[in-house]
Amino acid sequence: MPVTLSQVIIDLKDQAQQQALPGVPEADTAPGEGFGNYLSSIVGAVMLIATLLVLLYLLWAGFDWISSSGDSGKVKSARDRLTQSLIGLLILASVFAFYVAILQFLGIDSINVV
3 MPVTLSQVII
13 DLKDQAQQQA
23 LPGVPEADTA
33 PGEGFGNYLS
43 SIVGAVMLIA
53 TLLVLLYLLW
63 AGFDWISSSG
73 DSGKVKSARD
83 RLTQSLIGLL
93 ILASVFAFYV
103 AILQFLGIDS
113 INVV
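Letter 7 of the sequence shown, counting from 1, is numbered 9 in the working numbering, and no numbers are missing.
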């Protein structure tokens, strides 16, 4: 019976700790420490900043639409900006869903937004 990729579990941390290399301290870290948590915090912060920028762009587009005074050029510009901000929000949601899927595939439970 062939083994699929989803059935393979790679546990490198325990294998590395079992080797007990000289001069290397224990790899156990307290909760909230370690490279994985650091990377998760960075990704969460970048996602938060990007989401805030998209929402600001969305508000800017709405303000431009309201203040266009019926000028068709300004309305078209505001509509384009609104469309671009909604596409940006869709991309952010897709990236976040992909990020969560990778975390679940790797067996990481927590998501540190900030």
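Positions of the beta carbon are idealized from the N, C-alpha and C atoms, including for glycine.
Three-state secondary structure (DSSP) of residue i
i      : result
GLN9   : Because the pLDDT at GLN9 is just 48, under 50, the model does not fix this residue reliably, and the point stays unresolved.
SER70  : coil
GLY64  : helix
GLY90  : helix
GLY75  : helix
GLY109 : coil
TYR101 : helix
VAL116 : Reliability fails at VAL116, whose pLDDT of 44 lies under 50, so the model's placement of it is uncertain and the value that follows must be treated cautiously. Residue state, collapsed to three classes: coil.
Distance CB(residue i)-CB(residue j) smaller than 8 Å
i     : j     : result
SER96 : TYR59 : no
Rounded C-alpha distance that separates residue i from residue j
i      : j     : result
ALA99  : SER43 : 16 Å
TRP67  : GLY46 : 32 Å
ILE51  : LEU61 : 15 Å
ASP71  : ALA63 : Rather than Asp, the amino acid found at residue 71 in this sequence is Ser. For SER71 and ALA63, the distance between alpha carbons rounds to 14 Å.
PHE65  : SER74 : 15 Å
LEU108 : LEU92 : 24 Å
ASP82  : ILE89 : 11 Å
GLN106 : SER79 : 41 Å
Minimum Cβ-Cβ distance from residue i to chain B less than 8 Å
i     : result
GLY72 : Absent here is chain B; the protein component of the structure consists of one chain.
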